[in-house]
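Structure record follows, encoded as structure tokens.
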Amino acid sequence: MMYLIGIGIFLAFVVFLTFVASGYALYIDFPSVIVILGMTIPVLMASGLIKDFVNGFKLMNQREVMFSKMEIHKIVIAVTLGIRTILVSSFLGVLAGGITILAQLSTIESILPSLSVDFIILFYGLIFITILLPIRAKAEAVLKTMD
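Count along the sequence shown from 1, then add 3; that gives the number in my numbering.
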């Protein structure tokens, strides 16, 4: 429950910052989310750790840990892989967008608005990573108490 409250407060703070900065419309870009998820989910599936990744979210809602030490260890590995894949997919998205922008560059003035859209994928990636960090931290803390 505390996880959901904490993430809710974090997301509310991010939304507040977007309103203060310039309005939320500049921060909405569904293709960026699709790029991140479209790269992260297949990597988790290919690793065979998708179930363990989902178990990380289940762990956050448990008062009493119902997973074995091996399962917790696999959760740490899966969430770490998810974090790294989100980071890589975000940077790949920025690079792909930058290449497209530069290939279609007609005037130097047209580059700045396009770059602002290009960086949104990195913004989303960092938000997703921030949501996953408490899961990894709790799983690692549970592992330490099991020793």
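Think of the CB as a built atom: it goes at the ideal place given N, C-alpha and C, for glycine as much as any other residue.
Mind checking which residues open and close the alpha helix (DSSP H) that includes residue i?
| i | result |
| --- | --- |
| residue 121 | 114 to 121 |
Measuring alpha carbon to alpha carbon, tell me which of the options ends up nearest residue i.
| i | options | result |
| --- | --- | --- |
| residue 123 | 17, 19, 21 and 30 | 30 |
| residue 142 | 132, 53 and 77 | 77 |
| residue 127 | 14, 53, 117 and 72 | 14 |
| residue 5 | 56, 58, 65 and 34 | 65 |
If you draw a straight line from the C-alpha of residue i to the C-alpha of residue j, how long is it?
| i | j | result |
| --- | --- | --- |
| residue 138 | residue 7 | 11 Å |
| residue 80 | residue 111 | 44 Å |
| residue 131 | residue 44 | 13 Å |
| residue 145 | residue 75 | 8 Å |
| residue 149 | residue 101 | 46 Å |
| residue 90 | residue 54 | 20 Å |
### Length-filtered (4 minimum) alpha helix (DSSP H) runs lying within the segment 73 to 147
Taking only runs of at least 4 residues, the alpha helix (DSSP H) segments lying wholly in the segment 73 to 147 are 114 to 121.
### Query
Could you give the uninterrupted runs of the alpha helix (DSSP H) lying entirely in the segment 29 to 53, keeping only those of 4 residues or more?
Correct list: 33 to 50.
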